[in-house]
Amino acid sequence: MSKKTDLLVLGATGITGRQTVRYLSSHPQRSSFTFSIAGRRKDALNVIVAEFSLPDTVDVLQVDVTKPDQVVAAVKTAKVVINTVGPFWTYGTPVVRACVQNGVHYVDLTGEHFWVKDIIQEYASPTFLFFKAQFRRFDYFATKTGSIIVPTCGMDCIPSDLCAYLGSKTLQSPVDSSTTAWHFDGVASGGSLATIFTMIEDVPREKLRWAMSNHALSPVVGLRQEKPFGLVRKLHIPYSDETLVGGRWFMSNVDRAIVQRTWGLFEYDAMEAQLEGDTERLEAAEKVRYGPRFTYGELSIRPNVFMAAIASLGLILSLLGLMITPIRFIAKKLLLKPGEGPNDSEVELGGLDLVNITRSGSTYAKTTFKGHGDPGYLLSCIMVAEAALCLLHPETIRPFARRGGVLTPASVMGDTLVERLNATGRFEIESVVLKGGQDKKKTI
């Protein structure tokens, strides 16, 4: 049997796949890992090889994700699959299935939490104790093969997941609330728009309604979250005169579901360790769990109350408008299509700037997450690549995550991913305790 390559970039000829290959090919640690590329068209793959002067050691695989035998054959060649082929509701499940069945790790760029539910349930045991039956044992079959499945490793939902994680870690006490304010400067990708159209046209309405529910992906049911705010929300920065004003963040339902799953995985791990009498595991679990009162919310930063209300109203009306077939038809003609987007110079523009306030009693932590470059087309590709590289080093990921399952970025990689992202020079991530207007403690 030939030696496996470390990483397989699936969908390498698409715009996000290409940016992922571009990043990996010039990575500072390039000599420490191997990777291969896969796509549907051989001629397009050859263009990628020539463009980035990829050496002969980079295998080139022709794979049609609609053909399961080709997917399985490709997956078996790698240790970690980076999947950039969306919409994932349409094309993702066969790839995940192949990874689970063959003990291969997996990361992707999906923001489709309704699809994440499907892959969780496909590989779950029907038994349960105090927890939701469909989530028992961290997605049972993946734990049996040791396959670590980590969807949402791009802009959706690494920034939100890490902000909540770091806020809790910085406080080192049970969390009451965690709120993230987003400032996003970028272009909605053609793939993201295709996902919206797929969601409206193909996903059953009951599944979409379910995706809006509290703890939709969590193995443990927590407190009811606060009701969705109206058009405007404010976030005060403790011990300062600063108050952030915002409207609804268009990815908040996705981010909340993943953050709540991270919370639930930590809670479940602690509960299971306690039931099994595993004191060493329980001690480790207690250090990262957020606590039973944890709630999470988001907003999109705007200059003032008026602009926040307009932005929220615009988001609501846009989504309602896309439900109308003629409007959706026109939008498909006018907006970016999958594979379309900015060039290599244009992706250098834009960025992310997140502020998270996490509260435990009367103590607050402020976590900031800054990224330089287009969030959807560049930063997401860097994030998913670094997440994949984390999985090559099992000693750096959480012990319970090493068993496998459908997990989350923070629950698997946590501090390791923060360190890797900060080291890229594209990100600045830090978390501090606020006290009396001064930073008491810096954790990252």
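So the sequence shown is numbered by full-length UniProt numbering: it starts at 1 and just counts up by one. Ideal Cβ placement from N, Cα and C applies to all residues, glycine included. None of these values were measured; they are calculated from a predicted model.
Is residue i helix, strand or coil when you go by DSSP?
i	result
residue 18	helix
residue 365	strand
residue 233	strand
residue 113	helix
residue 7	strand
residue 405	strand
residue 201	helix
residue 214	coil
residue 242	coil
residue 290	coil
residue 178	strand
residue 397	coil
residue 304	coil
residue 188	coil
residue 357	strand
residue 29	coil
residue 259	helix
residue 163	helix
residue 343	coil
residue 70	helix
residue 425	coil
residue 456	Missing from the structure shown is residue 456; the chain here goes from 1 to 444 and no further.
residue 431	strand
residue 120	helix
residue 133	Low local confidence applies: a pLDDT of 43 at residue 133 is under 50, so the model's placement there is unreliable, and no value is given.
Enumerate in chain order the residues of its own chain whose CB-to-CB distance from residue i is below 8 Å, with the five nearest sequence positions on each side excluded.
i	result
residue 93	115, 118, 119 and 122
residue 212	253
residue 402	146, 148 and 394
residue 509	Not covered by the structure: residue 509. The range shown for the chain is 1 to 444.
residue 111	152, 154, 155, 156, 157, 192, 195, 251 and 254
residue 9	17, 20, 21, 24, 35, 36, 37, 38, 82 and 84
Whose C-alpha, out of the options, is nearest the C-alpha of residue i?
i	options	result
residue 396	411, 384, 383 and 154	411
residue 28	346, 425 and 436	425
residue 58	72, 66 and 25	25
residue 47	179, 12, 150 and 77	12
residue 215	313, 240 and 113	113
residue 84	174, 195, 168 and 351	195
residue 383	108, 393 and 307	108
residue 67	91, 197 and 307	91
residue 432	69, 52, 238 and 399	238
residue 429	178, 55 and 161	161
residue 352	308, 369, 320 and 346	369
residue 35	53, 60 and 51	60
residue 89	151, 400 and 105	151
residue 249	306, 345, 329 and 232	232
residue 308	318, 234, 270 and 330	234
residue 372	348, 30, 190 and 361	348
residue 197	285, 331 and 265	331
residue 345	327, 163, 377 and 315	377
Expressed to the nearest angstrom, what Euclidean distance is found between the alpha-carbon atoms of residue i and residue j?
i	j	result
residue 43	residue 7	21 Å
residue 208	residue 159	23 Å
residue 203	residue 183	29 Å
residue 435	residue 64	55 Å
residue 87	residue 229	29 Å
residue 15	residue 388	18 Å
residue 324	residue 255	26 Å
residue 282	residue 291	14 Å
residue 205	residue 199	9 Å
residue 171	residue 363	8 Å
residue 379	residue 157	12 Å
residue 422	residue 386	11 Å
residue 276	residue 105	27 Å
residue 336	residue 193	7 Å
residue 245	residue 69	51 Å
Less than 8 Å between the beta carbons of residue i and residue j, yes or no?
i	j	result
residue 149	residue 99	yes
residue 296	residue 260	yes
residue 354	residue 180	yes
residue 405	residue 143	yes
residue 303	residue 155	no
residue 81	residue 75	yes
residue 299	residue 257	no
residue 176	residue 289	no
residue 169	residue 77	no
Suppose the cutoff is 7 Å on Cβ atoms and the five residues either side in sequence are ignored; what does the same chain contact list for residue i look like?
i	result
residue 131	Residue placement at residue 131 is poorly supported in this model, since its pLDDT is 46, which falls under 50; the coordinates still yield a value, given next. Answer for residue 131: 219, 220 and 268, listed in chain order.
residue 381	16, 19, 20 and 23
residue 413	387, 390 and 397
residue 305	232 and 245
Would you verify that the beta carbon of residue i is, or is not, closer than 8 Å to some beta carbon of chain B?
i	result
residue 268	In the structure shown, chain B cannot be found, because there is only a single protein chain.
Leaving out the 5 sequence neighbours to the left and right, which residues in its chain are closer than 6 Å to residue i when beta-carbon positions are compared?
i	result
residue 311	247 and 302
residue 166	367 and 431
residue 294	175 and 263
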